[in-house]
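To start, the structure under review is shown below, and the notes come after it.
Residue numbers (the working numbering): 206 to 297.
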């Protein structure tokens, strides 16, 4: 028994993967900033200028790490979308 998929459903799935890929870098970077700033606040406190600088530094480092993870995730999603596309052409 073979499964048959409608080409429009596969095309919509590929477009959804591309949308996820475009958002993942921003979302991972933003979450990385929040986690890094929280960690910086836990380490440095907020009472002094040095503490605020540590919060910002933690946020920036977290954003860079999160953005890197997001780029890797985006590449994976884009690759999945590219492998699905030829199947649509094959079904037509």
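Don't be surprised by glycine CBs; every beta carbon is placed ideally from N, CA and C.
Taking just the CA atoms, how far does residue j sit from residue i?
i           : j           : result
residue 266 : residue 248 : 14 Å
residue 258 : residue 214 : 49 Å
residue 207 : residue 284 : 25 Å
residue 279 : residue 290 : 17 Å
Looking at residue i: is its Cβ nearer than 9 Å to the Cβ of residue j?
i           : j           : result
residue 230 : residue 272 : yes
residue 245 : residue 261 : yes
Enumerate in chain order the residues of its own chain whose CB-to-CB distance from residue i is below 8 Å, with the five nearest sequence positions on each side excluded.
i           : result
residue 282 : 222, 223, 225, 226 and 229
residue 232 : 275
Apart from the five residues on each side of it in sequence, which residues of its chain come closer than 7 Å, Cβ to Cβ, to residue i?
i           : result
residue 250 : 256
residue 268 : 234, 237, 238 and 241
residue 270 : 237
Taking 6 Å as the limit between beta carbons, can you name the residues of its chain near residue i, skipping five residues before and five after?
i           : result
residue 286 : 219, 222 and 223
Going by DSSP, what residue range makes up the alpha helix (DSSP H) through residue i?
i           : result
residue 247 : 212-249
Is residue i near the ligand ATP, with its Cβ less than 8 Å from a heavy atom?
i           : result
residue 236 : Questions concerning the ligand ATP fall outside what the structure shown contains, since it holds no ligand whatsoever.
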